[in-house]
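Below is one structure; the comments refer to it alone.
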Amino acid sequence: MQRGLRWPLWGMWWTCLVFVVWAGWWFGRTMLHAASGDDPPGTVTGAGCAEAMDFSGAALPEGTRDEDCTSYTWGGQAYDGSFRMPRVAVRGWLAESFPDATDFPCDGDDDRCVHVVRETHAHTPGAYAVTVSVHYEGGSAGDTALVSFDASSY
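Encoded structure:
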C-alpha cells in the first residue's frame, strides 16, 4: 500500500470510530433516561372526578365524597379513581349512567362490578372501555358505597 494513501484511510477509520462511540453513548443515555422514569414527563396527573366521569360518559353522582382520580395520557387517554357515595343511590346511578353495561364476577371484596365497551370514533372524545367496581362499606347495614372505576380510550 502506498504510504500517501495510508494516512487518509486511518483518518476515515478514526472518524468512523468516533461517530460509532458517540452514537452508542447517545443511544445508551437515551435508553437509560427512558427506563429510569416511571412517568414520562406530563403523562400522569391528578384530575377531578367530574372530568373523569365526563370522559366515561357519565355524570358524577350527587353526594360524593373522598374523590381521588388520576389522568394518564401515554398512548391515549385514561382515567382511574374512586369516590364514596350513598349506598341507596348506586343501583340507579349505574343504570342511568351505564345502561349498556354488563355485570361480571368481582374479585376480592367488591359487591358489584360492571363493564361497558362503547363504539367510539377517531374524532369522538371519550372512553372506549369503562369498568366500575362497587364495595358496600359497613356490611348490609352500611349506608356508604366505595366506587372504583377505570376508563380508557384504548
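Sequential numbering from 665 applies to the sequence shown in the working numbering. Every residue, glycine too, gets a C-beta built ideally from N, C-alpha and C. Just so we're clear, the structure is a prediction, and the values are computed from it rather than from any experiment.
Spatial neighbours of residue i in its chain, beta-carbon cut-off 6 Å, leaving aside the 5 residues before and after
{"i": "A798", "result": "According to the sequence shown, residue 798 is Val rather than Ala. The answer, listed in chain order, is V754, D775, R776, A809, V811."}
{"i": "V708", "result": "Y736"}
{"i": "Q741", "result": "S817"}
Span of the beta strand (DSSP E), counted from its first residue to its last, around residue i
{"i": "R729", "result": "729–736"}
Residue range of the alpha helix (DSSP H) that includes residue i
{"i": "A714", "result": "713–720"}
{"i": "R782", "result": "That residue, R782, is in no alpha helix (DSSP H); it is neither H nor E in DSSP."}
{"i": "E760", "result": "754–761"}
Straight-line Cα distance separating residue j from residue i
{"i": "A815", "j": "G802", "result": "27 Å"}
{"i": "W757", "j": "F768", "result": "18 Å"}
Sheet register partners of residue i (DSSP bridge)
{"i": "V811", "result": "F747, V798"}
{"i": "R693", "result": "In DSSP, R693 forms no bridge with anything."}
{"i": "C770", "result": "According to DSSP, C770 bridges with nothing at all."}
Neighbourhood of residue i by C-beta distance below 8 Å, restricted to the same chain and skipping five residues each side
{"i": "R782", "result": "G721, D764, G790, A791, Y792, A793, V794"}
{"i": "G806", "result": "R751, Y800"}
{"i": "T766", "result": "V778, H779, V780"}
{"i": "V684", "result": "none"}
Chain-order list of residues whose beta-carbon lies under 7 Å from that of residue i (same chain, five-residue window excluded)
{"i": "A714", "result": "L724"}
{"i": "D773", "result": "H799"}
Practice prompt. May I ask you to verify whether the stretch 739–748 touches the stretch 721–731, counting CB pairs closer than 8 Å and requiring at least 3?
Written response: Yes, the stretch 739–748 touches the stretch 721–731.
Discussion item. Any contact between the stretch 675–691 and the stretch 708–717? By contact I mean 3 or more CB pairs, one from each, below 8 Å.
Written reply: Touching, no, given that fewer than three Cβ pairs across the two stretches are closer than 8 Å.
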